[in-house]
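Numbering (the working numbering), first residue to last: 157 to 322. Beneath this line is the structure, given in structure tokens, with notes to follow.
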């Protein structure tokens with residue numbers, strides 16, 4: 157039964173998956189699209205949205221450091237920019253971040269508002285030098301929180317109200 161349903165809706169699943177991968181939509185858009193537009197079941201929509209949302213975050217977490225080091229070695233403006241960014245951000249926010257570091261990143265990612273989410277969380281992890289494994293775990297926990305919040309709001313208020321309000 158699942159396989160027949162999956163093959164019949166494969167295009168819809170891909171649409172939900174790629175919507176979850178976008179930096180602006182993430183799962184704040186993919187869950188309403190899956191449940192409201194394509195009428196997919198909640199389990200499939202959540203799993204596909206979570207997987208689609210975590211993939212770019214993992215790539216960002218692991219790719220930004222080597223890319224920044226490469227640019228810093230080869231381009232003086234990049235070196236100045238990243239040095240300024242790291243020094244300024246860590247000097248200004250590091251104490252607050254250390255105080256709440258156990259749950260700050262997960263909470264930030266888990267609040268389904270504009271400019272919060274897995275993409276921004278991965279950038280924050282890079283800037284603050286959070287070890288990749290910890291960053292990915294925190295981002296994953298935040299994605300789980302956000303998916304629960306978005307699903308509850310969507311199921312409570314419905315598609316039309318969710319799109320016009322959210």
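All C-beta atoms in this analysis are idealised placements derived from N, C-alpha and C, irrespective of residue type, glycine included. None of the values given here were measured: they were computed from a predicted structure.
- Of the residues 283, 229, 171, 204, the one placed nearest residue 261, counting alpha carbons only: Here residue 261 refers to the residue found at position 105 when the chain shown is read from its first residue. Closest option to residue 261, Cα to Cα, is 283.
- Take every Cβ of the stretch 231–241, pair it with every Cβ of the stretch 294–306, and state whether three or more of those distances are shorter than 8 Å. no
- Message: Do residue 299 and residue 210 have their beta-carbon atoms positioned less than 8 Å apart in this structure?
- Response: As a working note, residue 210 is residue 54 in the chain shown. As a working note, residue 299 is residue 143 in the chain shown. Closer than 8 Å, so yes.
- Is the CB-CB distance between residue 201 and residue 187 below 8 Å? As a working mapping, residue 201 is identified with position 45 in the chain shown. As a working mapping, residue 187 is identified with position 31 in the chain shown. Yes, the Cβ-Cβ distance between residue 201 and residue 187 is below 8 Å.
- Under 6 Å Cβ to Cβ from residue 266, same chain only, skipping five residues before and after it: list those, please. The count along the chain shown starts at 1 and reaches residue 266 at position 110. Only 298, 301, 302 meet the Cβ criterion.
- Message: Is the separation between the beta-carbon of residue 278 and that of residue 216 shorter than 8 Å?
- Response: Start at 1 with the first residue of the chain shown, and residue 278 comes out as number 122. Start at 1 with the first residue of the chain shown, and residue 216 comes out as number 60. Result yes, Cβ atoms of residue 278 and residue 216 sit closer than 8 Å.
- Item | Alpha carbon of residue 255 to alpha carbon of residue 164, nearest angstrom | Stepping through the chain shown from its first residue, residue 255 is reached at position 99. Stepping through the chain shown from its first residue, residue 164 is reached at position 8. Taking the straight line joining both Cα atoms gives about 49 Å.
- Query: Nearest-angstrom Cα distance between residue 192 and residue 288?
  - Reply: As a first step, residue 192 is located in the chain shown; it is residue number 36 there, counting from the start. As a first step, residue 288 is located in the chain shown; it is residue number 132 there, counting from the start. Cα to Cα, residue 192 sits roughly 34 Å from residue 288.
- Query: Hey, residue 270 and residue 306: beta-carbon distance below 8 Å or not?
  - Reply: As a first step, residue 270 is located in the chain shown; it is residue number 114 there, counting from the start. As a first step, residue 306 is located in the chain shown; it is residue number 150 there, counting from the start. No, the pair does not count as a contact, with Cβ atoms beyond the cut-off.
- Check whether residue 185 and residue 274 have beta carbons under 8 Å apart: Position 29 of the chain shown, counted from the first residue, corresponds to residue 185. Position 118 of the chain shown, counted from the first residue, corresponds to residue 274. In this structure, residue 274 does not lie closer than 8 Å to residue 185 by Cβ.
- Cβ-based burial, residue 169 [other Cβ within 10 Å; buried from 16]: Numbered from 1 along the chain shown, position 13 holds the residue referred to as residue 169. Answer is buried; the Cβ neighbour count reaches 16.
- May I have the straight-line CA-CA distance separating residue 257 from residue 290, to the nearest angstrom? Along the chain shown, read from residue 1 onward, the residue named residue 257 stands at position 101. Along the chain shown, read from residue 1 onward, the residue named residue 290 stands at position 134. Distance between the alpha carbons of residue 257 and residue 290: 10 Å.
- alpha helix (DSSP H) runs wholly inside the stretch 267–291, at least 4 long, in chain order: 274–284
- Task: Out of 219, 205, 314, state which residue places its alpha-carbon closest to the alpha-carbon of residue 190.
- Result: Translated into positions along the chain shown, residue 190 becomes position 34. Comparing Cα-Cα distances from residue 190 to each of 219, 205, 314, the minimum goes to 205.
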